[in-house]
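Novice: In this note's numbering, the protein residues as written are -17 to 235.
Cβ coordinates follow ideal geometry from the N, Cα and C atoms, glycine included.
Would you mind keeping the following structure in view while I ask a few things?
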Ligand code: 13P
């Protein structure tokens, strides 16, 4: 069964009481959704335990993840959080290489290391790839996205991609309300899959490639209908319970 994956990236938003409230709503309202949809939220580290508790009922299949991780498993790294700690807390996913972190100086090498340490600890990396507006206007989209992907393949090997999620997130569509058209997104998703297929056809077929960038309940259907779009990484719209629930329900078709 092909599962559509909807992951909410809460970024640096929310309070403890807000996290608790939205999780109660999500757990209640999404209880009847079918297994055709995979759902997860990625709160700030400090809100994770609250989220984890809200998801602790045995029948609840919503999962949670982190927005970042340190490259090392342990050590004197003040203020950092390790994959071992995330695994201990029951996380499933780790967003790796989000453009908001790349823009803050995260290198391809660090991203590959984070990808590796995430998998070593039994977690699933959600590897973000995406071009800026200038790069798109210069016709560099595919080259930029594939270079970001190749940096991880170089360090971790193509087989590692089979236990990961790829998220195509064009930077110009993040938080701008300017979604990539379904055609634009599909073209890049296809290109990513074709590139993987040149190295390993099984990985190309099985890896989930989700789209992020102003996904909402109005554009989700058209995006999810595309052959190579396997779900969404949702920012702003995941902070509104009703919107996020609608997007999850749209994915349930
Ligand atoms: P928005 O949905 O707010 O554009 O954010 C997308 C994103 O960056 C998810 O990781």
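Tell me whether the region 3 to 14 and the region 160 to 171 touch, counting them as touching only if at least three CB pairs, one residue from each stretch, are closer than 8 Å.
Specialist: Contact fails: fewer than three Cβ-Cβ distances are below 8 Å.
Novice: Which residue comes first and which comes last in the beta strand (DSSP E) that contains residue 230?
Specialist: In the chain shown, residue 230 corresponds to position 248, counting from 1. Taken as a continuous stretch (DSSP letters only), residue 230 belongs to no beta strand (DSSP E), being part of the alpha helix (DSSP H) at 223 to 232.
Novice: With a floor of 4 residues, list each alpha helix (DSSP H) that falls wholly inside the region 149 to 191, ordered by position along the chain.
Specialist: Here the runs fully enclosed are 164 to 181 and 183 to 188.
Novice: With 16 other CB atoms within 10 Å as the buried threshold, where does residue 168 fall?
Specialist: On the chain shown, residue 168 is found 186 positions in, with the first residue counted as 1. That one is buried.
Novice: Quick check: the region 214 to 229 against the region 193 to 202, are there 3 or more CB pairs under 8 Å?
Specialist: At 8 Å Cβ cutoff, the stretches touch.
Novice: Per DSSP, what kind of secondary structure is residue 135 in: helix, strand or coil?
Specialist: Here residue 135 is taken as the residue at index 153 of the chain shown, counted from 1. Of the three classes helix, strand and coil, the one that applies to residue 135 here is helix, per DSSP.
Novice: Would you say residue 240 and residue 53 are within 8 Å of each other, going by their C-beta atoms?
Specialist: In this structure the chain extends from -17 to 235, so residue 240 is not present and cannot be described.
Novice: Taking all protein chains shown into account, do 16 or more other C-beta atoms lie within 10 angstroms of the C-beta of residue 40, making it buried, or fewer, making it exposed?
Specialist: For the purposes of this step, residue 40 is identified with residue 58 of the chain shown, where counting begins at 1. Flag for residue 40 reads exposed.
Novice: Can you tell me whether DSSP reads residue 129 as helix, strand or coil?
Specialist: As a first step, residue 129 is located in the chain shown; it is residue number 147 there, counting from the start. The answer is helix: DSSP assigns residue 129 an H, G or I state.
Novice: Using the C-alpha atoms, what's the distance from residue 113 back to residue 126?
Specialist: Numbered from its first residue, the chain shown carries residue 126 at position 144. Numbered from its first residue, the chain shown carries residue 113 at position 131. Taking the straight line joining both Cα atoms gives about 6 Å.
Novice: Out of 118, 33, 214 and 142, point me to the one whose CA is closest to residue -3's CA.
Specialist: Translated into positions along the chain shown, residue -3 becomes position 15. Considering only alpha carbons, the answer is 33.
Novice: Using 8 Å as the threshold, is the C-beta distance between residue 65 and residue 94 below it?
Specialist: Taking the first residue of the chain shown as position 1, residue 65 is located at position 83. Taking the first residue of the chain shown as position 1, residue 94 is located at position 112. No; because the gap between Cβ atoms is not below 8 Å, this pair is not in contact.
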